[in-house]
Amino acid sequence: MGGENPIRIQSMTNTSTMDTDGSIRQCIRIIEAGGEYVRLTAQGVREAENLRAVEEGLHALGYHTPLIADIHFNPKIAETAAQIVEKVRINPGNFADPVKTFQTFEYSDEEYRQEVEKIRERFIPFLAICKKHNTAIRIGVNHGSLSDRIMSRYGDTPQGMVESCMEFLRICVLENFTNVVISIKASNTFTMVQTVRLLVEQMDEEGMNFPLHLGVTEAGDGEDGRIKSAVGIGTLLLEGIGDTVRVSLSEDPEAEIPVARLLVDYATHRSSTSPPTPLHMERGAGLLPASFLAVHNDVPLVFSDRLQTTDYSTNADLVPDYFYTGSLTINDTSLFALSLSELTDETIEYLKSNPQVIILLHAEDNNVYEQKECVFILRSNHVTNKIILWNTYDESDLETFQIKAATDCGSFFLDRLTDGLMLSNKNLKITPQTIDACSFGILQATGRRISKTEYISCPSCGRTLFDLQLAIKKVKAATSHLKGLKIAIMGCIVNGPGEMADADYGYVGVGAGKVSLYKGRECILKNIPEENAVDELLRLITTSNDVKK
Ligand code: SF4
900 MGGENPIRIQ SMTNTSTMDT DGSIRQCIRI IEAGGEYVRL TAQGVREAEN
950 LRAVEEGLHA LGYHTPLIAD IHFNPKIAET AAQIVEKVRI NPGNFADPVK
1000 TFQTFEYSDE EYRQEVEKIR ERFIPFLAIC KKHNTAIRIG VNHGSLSDRI
1050 MSRYGDTPQG MVESCMEFLR ICVLENFTNV VISIKASNTF TMVQTVRLLV
1100 EQMDEEGMNF PLHLGVTEAG DGEDGRIKSA VGIGTLLLEG IGDTVRVSLS
1150 EDPEAEIPVA RLLVDYATHR SSTSPPTPLH MERGAGLLPA SFLAVHNDVP
1200 LVFSDRLQTT DYSTNADLVP DYFYTGSLTI NDTSLFALSL SELTDETIEY
1250 LKSNPQVIIL LHAEDNNVYE QKECVFILRS NHVTNKIILW NTYDESDLET
1300 FQIKAATDCG SFFLDRLTDG LMLSNKNLKI TPQTIDACSF GILQATGRRI
1350 SKTEYISCPS CGRTLFDLQL AIKKVKAATS HLKGLKIAIM GCIVNGPGEM
1400 ADADYGYVGV GAGKVSLYKG RECILKNIPE ENAVDELLRL ITTSNDVKK
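Taking my numbering, the leading residue of the sequence shown gets 900, the next gets one more, and so forth.
1. Among P1331, M1060, Y1354 and L1320, which residue has its Cα nearest to the Cα of L1342?
2. Any heavy atom of the ligand SF4 closer than 8 angstroms to the CB of N1394?
3. Consider the C-beta atom of M917 and the heavy atoms of the ligand SF4; say whether any pair is separated by less than 8 angstroms.
4. Tell me M1321's beta-bridge partners as DSSP assigns them.
5. Which word fits P1358, buried or exposed, when buried means at least 16 other C-beta atoms lie within 10 angstroms of its C-beta?
6. Could you tell me the distance, in whole angstroms, from the CA atom of V1198 to the CA atom of R945?
7. Three-state secondary structure (DSSP) at G1410?
8. Alpha carbon to alpha carbon, what distance is there between L1250 and A1154?
9. Assuming V937 is part of the alpha helix (DSSP H), what are its boundary residues?
10. Please state whether the Cβ-Cβ distance between G1051 and N990 is less than 9 angstroms.
11. Between the Cα of Q1101 and those of E1117, L1068 and T1090, spot the shortest distance and give me the residue it belongs to.
12. Are the Cβ atoms of E1269 and S1173 separated by less than 9 angstroms?
13. From this set, I908, T940 and I906, which residue's C-alpha is nearest S922's C-alpha?
14. Tell me which residues share the same chain as G1183 and place their Cβ nearer than 6 angstroms to its Cβ, disregarding the 5 neighbours each side in the sequence.
15. Counting only the same chain and skipping the five closest in sequence on each side, list residues whose C-beta sits under 6 angstroms from that of N949.
16. Would you say the stretch 1129-1148 touches the stretch 1160-1170, given that touching needs at least three Cβ pairs under 8 angstroms?
17. Can you tell which of H1380, M1389 and R1347 has the C-alpha that lies nearest to the C-alpha of T1363?
18. Do I1355 and E872 have their beta-carbon atoms positioned less than 9 angstroms apart in this structure?
19. Is DSSP giving R1362 helix, strand or coil here?
20. Out of D920, I930 and L1369, which has the shortest C-alpha to C-alpha gap to G956?
21. Quick check on H1112: does DSSP put it in helix, strand or coil?
22. Which residue or residues does DSSP assign as beta-bridge partners of N1451?
23. Could you tell me which residues DSSP puts in a beta bridge with P1428?
24. Quick check on the DSSP output: the alpha helix (DSSP H) that includes V987 runs from which residue to which?
25. Within 10 angstroms of its Cβ, does T1034 collect 16 or more other Cβ (buried), or is it exposed?
26. May I ask you to check if the CB of R1362 is nearer than 8 angstroms to at least one heavy atom of the ligand SF4?
27. Is the closest heavy atom of the ligand SF4 to the C-beta of H1042 under 8 angstroms?
28. Could you check whether T1345 and L1313 sit closer than 9 angstroms to each other, using their CB atoms as the reference points?
29. Quick one, are the C-beta atoms of I1276 and L1234 less than 9 angstroms apart?
30. Can we count M1389 as close to the ligand SF4, meaning its CB is less than 8 angstroms from some heavy atom?
31. Looking at the C-beta of V1218, does it have a partner C-beta in chain D at a distance below 9 angstroms?
32. Does the distance from the C-beta atom of P1157 to that of G1309 stay below 9 angstroms?
33. For a test of the three-state rule: what should DSSP assign to L1369, helix, strand or coil?
34. Within 10 angstroms of the Cβ of S910, are there 16 or more other Cβ atoms? Answer buried if so, exposed if not.
35. Nearest-angstrom Cα distance between C1273 and E1263?
36. Please report the Cβ distance between F1076 and K1030, rounded to the nearest whole angstrom; I am assuming they are in contact, meaning their Cβ atoms lie under 8 angstroms.
Dropping the structure here:
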């Protein structure tokens, strides 16, 4: 992994790691689907030791795909796993720091230094074991599971997440341990993208260049999970950032692999066939000067291309702002189709003297780099006209359409470069209403236009003791009308409450058949029977004052 190697794709089992046969069978399904690494959770030393049986079972069947142990809270477990599997993921938020309390403590500089020193004392013996066994590590930071110490000094900020990672990386460098990959994940794509860019910048500043694992955590399932993942991961891949990818879907783990494959192949193809313009050659070049940000701070518009149809029906809740029928006039406002190759001094002057004209920004093969160059030239010349990003595809498969469109368009909205979106598809197999849903989905995934309930759900893992996919279905059926609310459905009480981040409400599995319900960070109902949990959640939401209509 890393350097000139291909971008690797991976997934994680959700079987109990003590269930050797079940875990082996699931690893094989992931590998057969094309997974290049398989991660398994090890919540205790027993589970870590059983990784040997899983690995041996796989080897006996001819599978030698590298295995990764996922460790939280206990360096001893990490040390055990490091002697068995090829890679160990640790979480800097809980490797050596005490269990998170969500309280704010005051640290003097000296106390803070002493805490960091404690990390060194716990981390260096682990590195020695990894060196001896040639085991790689992933330093995997998650938004929402930062330690109290980092939270107290930096808050729940991108800087806090970057520093949490850098503290461990600096120790690796001092110890001459380079078998490291790093990740910073969040369920909010804006936070995830900005933080990874910041991490890349910080590494560059400190002369480091470690490979990056990309992922949007708790992305959910179905269309939303795919679009959210493509927005976050795709944006960074197009900037040349990322060496391995996990798409976290609340579905069977092997279902993640084709999505990751599609995403990686598309982003790799895009960056090799339409190389970034000089403005975008550098890693992390998405960090933009504030002067380039969209001049309009309005909610982005959705244009629906109905040029090939006379069907003007819409989805009930996702009604586009305009139908595009080929007419270049909307009310009194003209539309002006523009690509980089058509941009001349005369065009700039025309647009400046007609600021009400709306630009439809397109490019051959939806070349994002050219489109960005065009935005930069326009905005640096003080052209203030609204810019609608207009991409055209020719896909018969909806998933492919969603992933390509979300990969290409995500950064334009995360970075507030454009003021609206029009997606076209030459193949009529995908209906205009479905395309509209994809446009709204991209805007929701970037946090720019909220048109439905947002679900944050983890992919589940060996810690999950209930049927998470079924719980998600039930929660969605009961709450999908609550537009604007963020509802988390999490598989375990250990990491769930921390990692559901900024959700308004949380449905968190505690054990077999038991659920706890949260309002924000506060646990309101503890250990209630699973069969009543959805009704109780709905009651909790409707009796709270903050239901957004
Ligand atoms: S929240 Fe818990 S169950 Fe869900 S993936 Fe994370 S550790 Fe596993």
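Glycine included, C-beta positions come from ideal geometry on N, C-alpha and C.
In this text the structure is predicted, and so the values were computed from the model without any measurement.
To lay it out plainly:
1. If we check each option's Cα against that of L1342, L1320 comes out closest.
2. yes
3. M917: no, Cβ never under 8 angstroms from the ligand SF4.
4. F1202 and W1289
5. By the 10 Å Cβ count, P1358 comes out buried.
6. 51 angstroms
7. strand
8. C-alpha of A1154 to C-alpha of L1250: approximately 47 angstroms in a straight line.
9. In the DSSP annotation of this structure, V937 is not part of any alpha helix (DSSP H); the continuous beta strand (DSSP E) holding it starts and ends at Y936 to T940.
10. It should be pointed out that residue 1051 corresponds to Ser in this sequence rather than to Gly. No.
11. L1068
12. yes
13. Taking the Cα of S922 as reference, the smallest distance to any Cα among I908, T940 and I906 is reached at T940.
14. In this predicted model, G1183 has a pLDDT of only 40, less than 50, meaning its place in the structure is not dependable; the value taken from the coordinates is given anyway. For G1183, where only same-chain residues beyond five positions count, the Cβ hits under 6 angstroms are R1096, V1099 and E1100.
15. T916 and M917
16. yes
17. M1389
18. In the structure as shown, the chain starts at 900 and stops at 1448, and residue 872 therefore has no counterpart that could be examined.
19. If DSSP states are grouped into helix, strand and coil, R1362 belongs with coil.
20. D920
21. DSSP places H1112 in strand when its eight states are reduced to three.
22. Lying before the first or after the last residue shown, residue 1451 is absent from the chain, which here runs from 900 to 1448.
23. K1413
24. Counting along the chain, V987 falls outside any alpha helix (DSSP H), though it belongs to the beta strand (DSSP E) covering K986 to I989.
25. buried
26. yes
27. No, Cβ of H1042 sits at least 8 angstroms from all heavy atoms of the ligand SF4.
28. yes
29. no
30. yes
31. In the structure shown, chain D does not exist; there is a single protein chain.
32. no
33. helix
34. buried
35. 13 angstroms
36. 6 angstroms
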